[in-house]
Amino acid sequence: MNFYVNQVKNKPDFRGSLFKGDIFLETGLANAHELCALARQSITAAFDGETDHQSLHKMMPVETFVERVTALKRQFTNGPEAKELIRDFLLEIGANLNEYIFDVPRVRVVPNYDYLHAGVSYAYKPHRDTWYGGVESQVNTWMPVYSIEPEQTMMINPAYFDRPVQNSSGDWSLEHWINSQRFAAAQNITEETRVHPVPLEDIDTSAELRVAGNSGEILIFSGSHLHGTVANFTDKVRFSVDFRLIHLQDLLHKRGAPNVDNGCSDPEAGFKDYFNASDFSQFQGVNP
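Residue numbers for the sequence shown follow full-length UniProt numbering, beginning at 1 and rising by one.
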């Protein structure tokens, strides 16, 4: 398993590397930095002009924080600017827009754990995106909006890329999540009552990888990697942006990372969140 720095443009088959477990870090992609700039603008707007974003949890009751974060997520995810920057990101790495679909971009907000770790700021337990209905050909991206420390970031555990984990994904439905549970985030404040697919065994954290990057430095990795939220016990809110990509030929020919333990059976339900990169039309599936 390899870790590449600033080499996506130099590797035409970078997806093949991802599907073997390799991880890429890109530090100088203009559109990744622009996505973070857009996130900062959106945060300021959602919090009535406040620019000390990393201290927002100190300024208001948690209920107000949840209300503002809910509005922030809705605006950022559904606004046209973020989609345009993802399109331009694909062009920047040399991709053909006609060959890719992407899901709606998301801004994640992780304040101090004791202040809030449920609902809109749910601290994801170690998981693969395939447990949540992602396909094996899914490519994940993730970038911090502000410079972060290892105690604030997300973790990837490469040791489990081809190592099965007992988990509850077989009892979890993506369609039910989309139609019901997703909208209940703002109601979960003191604890997370929504059901998530989670490990049913202890995870060895000795091989855990934590990348403490700067704003706009983007990690690119397979959605099949075991990853999760690092519980943030610092006094700064962690903001990040992520989106997912799928190459249509990978999807059509079922190319991707190995499925070692996924039991989720309805990945097609998630395609309603995907758009064709060429024209932003909603993805309707692939035809052989």
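In this text, a Cβ means the ideal position worked out from N, Cα and C, and glycines have one as well.
| Check | Outcome |
| --- | --- |
| Could you tell me the alpha carbon to alpha carbon distance between PHE76 and VAL107, rounded to whole angstroms? | 7 Å |
| Find the nearest neighbour of ALA151 within the set ASN232, LYS125, VAL241, judged by alpha-carbon distance. | It should be noted that the sequence gives Glu, not Ala, for residue 151. For the residues ASN232, LYS125, VAL241, the minimum Cα distance to GLU151 belongs to ASN232. |
| Could you check where the alpha helix (DSSP H) with PRO80 kicks off and where it finishes? | 80 to 92 |
| Quick one: measure Cβ to Cβ for SER215 and TYR132, integer angstroms, because I've assumed they're closer than 8 Å. | About 27 Å separates the two Cβ atoms, so there is no contact after all. |
| Which same chain residues, not among the five before or five after HIS127, have their C-beta less than 8 Å away from its C-beta? | ASN167, HIS196, PRO197, VAL198, PRO199, LEU226, HIS227, GLY228 |
| Take ASN6 and list the residues in its own chain whose beta-carbon comes closer than 8 Å to its own, dropping the five residues that flank it on each side. | LEU25, GLU26, THR27, GLY28 |
| Tell me which residues share the same chain as residue 289 and place their Cβ nearer than 6 Å to its Cβ, disregarding the 5 neighbours each side in the sequence. | Residue 289 is absent from the structure shown; the chain starts at 1 and stops at 288. |
| What residue range does the beta strand (DSSP E) around ASP242 cover? | 238 to 247 |
| Could you please give the first and the last residue of the uninterrupted beta strand (DSSP E) stretch that includes PHE283? | Careful: PHE283 lies outside any beta strand (DSSP E) and carries neither H nor E. |
| Using DSSP with H/G/I as helix, E/B as strand and the rest coil, what is HIS31? | The displayed chain sequence assigns Asn, not His, to residue 31. In this structure, ASN31 counts as helix in the three-state DSSP scheme. |
| So what does DSSP say about PRO258, is it helix, strand or coil? | coil |
| Should PRO111 and HIS57 be called a contact, given that it needs their Cβ atoms to be closer than 8 Å? | yes |
| Mapping DSSP to helix, strand and coil, what is PRO199? | strand |
| When burial is assigned at 16 or more other CB atoms within 10 Å of the CB, is GLU201 buried or exposed? | exposed |
| ASP266 and SER169 look like a contact to me (Cβ under 8 Å); what is the Cβ gap, rounded to whole Å? | No, ASP266 and SER169 are not in contact; Cβ-Cβ is about 11 Å, not under 8 Å. |
| With burial defined as no fewer than 16 other Cβ atoms inside 10 Å of the residue's Cβ, what is the status of LYS73: buried or exposed? | buried |
| Does the beta-carbon distance from THR190 to ALA118 come in below 8 Å? | yes |
| Just mark ARG182 as buried or exposed, buried being the case when its beta carbon has 16 or more other beta carbons within 10 Å. | exposed |
| Between ASP279, ARG15, ILE203, which has its C-alpha nearest ILE156's C-alpha? | ILE203 |
| Does the separation of the CB atoms of GLN284 and PHE275 fall below 8 Å? | no |
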